[in-house]
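Just so we're aligned: 270 in this note's numbering is position 248 of the sequence shown, and the numbers increase by one with no gaps anywhere. Just so you know, even glycine gets a beta-carbon here, dropped at the ideal spot from N, CA and C. For clarity, every value in this text was computed on a predicted model and none was experimentally measured.
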Amino acid sequence: MDINLDPNLRLGPIAIAWHGIFTAVGIFFGVALPVRLLRGKVSEEDAYSIATWGVVGGIVGARLFHVLDTWSYYAEHPEQILFIWSGGIAVWGGVVGGVVGGLIAGIRRKVPIGLTADGAAPGIALGLAIGRIGDVINGEHHAVACEPPSGICVTYSHPETLGQGPLFIGDRRFAEGPVHLAVGYDMIWLGAIILLALWLWSRRERGRPPSLPAGAIFWLFVLLYGLDRFVISFLRVGEPTSLLALRQDQLIGLIAMVVALPALLFLVLRRRPPAPAEATAA
């Protein structure tokens, strides 16, 4: 598949990055979906307040994680740390910052945290999935070489693309022709998470099994998204590694799974009714 798309929308002399456009669209729908799901459960004022602080926290977190991930550069150019308009955000930072910002607002608003988090989960996934459309067009997230039918193989041919040409790390050559559409795999996985979260939400609303306790849908999202980033990021190259030769997003994905799995099990097992007492012999 050849992607011959200009990474910018050009309106005369004005160039607007598709990455920025789809980020904005993702934020809009990422807020609209939870507000709709939570209608009648929390007030609209509370829902929008939580969403607003979630967006603010997401922006701060996305920039902070990016700066930490590329600290060697920003240590030499500290004046650029706040220049978010020049590019440079980390998706995991957006997720963590958004959750923290929304959690603080939710606690202050005294809303049911578990239920609200469950409503937010498919919205977060939807916002991330829409934002990935801009990444697919942009091509900046480089990946390893791809040969059909091993995956979705793409080339970037537009003169202005950020998609990769021959890529070397040390003496290892990663790609010259088609590469895996790694961010596209991420988008597909997020789509599956959205459908699963909405199905589980609907089943609980109707009182049909499996009816998960409040908070479980959120932790399931964290678990599955952590798995997604840990696995798919093995196909991505050209970004700094840290502990255990893993990238920052893989380490955070691993931590997310380690935290989410016991939290999910605790919620589900705590809800189980106690086993009936065995009859004692007369």
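Which term fits residue i, buried or exposed, when burial requires 16 or more other beta carbons within 10 angstroms of its beta carbon?
{"i": "Q102", "result": "exposed"}
{"i": "N160", "result": "buried"}
{"i": "F51", "result": "exposed"}
{"i": "H355", "result": "Absent from the structure is residue 355, since the part of the chain shown begins at 23 and ends at 304."}
{"i": "R94", "result": "At residue 94 the sequence reads Ser, which differs from the Arg that was named. So S94 counts as exposed."}
{"i": "V244", "result": "buried"}
{"i": "R292", "result": "exposed"}
{"i": "G199", "result": "exposed"}
{"i": "T302", "result": "With a pLDDT of 41 at T302, under the threshold of 50, the modelled position of that residue is not reliable, and the figure given next carries that caveat. T302 comes out exposed."}
With a CB to CB cut of under 7 angstroms and the five nearest residues on each side skipped, what residues in its chain are close to residue i?
{"i": "D250", "result": "D208, W211"}
{"i": "R226", "result": "S233, L234"}
{"i": "S71", "result": "A127, R131"}
{"i": "L27", "result": "I159, H180"}
{"i": "L220", "result": "P144"}
{"i": "L184", "result": "P29, N160, G161, E162"}
Suppose the cutoff is 6 angstroms on Cβ atoms and the five residues either side in sequence are ignored; what does the same chain contact list for residue i look like?
{"i": "G173", "result": "H202"}
{"i": "G148", "result": "Note on residue identity: the sequence assigns Leu, not Gly, to residue 148. Contacts found: F51, G52, L55, I216."}
{"i": "G110", "result": "H88"}
{"i": "A37", "result": "N30"}
Contact check, residue i vs residue j under 8 angstroms by CB: the rounded distance?
{"i": "P56", "j": "G145", "result": "4 angstroms"}
{"i": "L286", "j": "A238", "result": "6 angstroms"}
{"i": "A165", "j": "G115", "result": "Contact flag wrong, Cβ pair sits at about 21 angstroms."}
Less than 9 angstroms between the beta carbons of residue i and residue j, yes or no?
{"i": "Y178", "j": "D24", "result": "yes"}
{"i": "V64", "j": "G123", "result": "no"}
{"i": "G48", "j": "A151", "result": "yes"}
{"i": "L222", "j": "G141", "result": "no"}
Is the beta carbon of residue i within less than 8 angstroms of some heavy atom of the ligand ADP?
{"i": "V133", "result": "Ligands displayed in this structure: none; no statement on the ligand ADP is therefore possible."}
Leaving aside the five residues before and after residue i along the sequence, list all residues of the same chain whose C-beta is less than 8 angstroms from its C-beta, in chain order.
{"i": "V281", "result": "V244"}
Quick check: the segment 142–159 against the segment 197–210, are at least 3 beta-carbon pairs closer than 8 angstroms? yes
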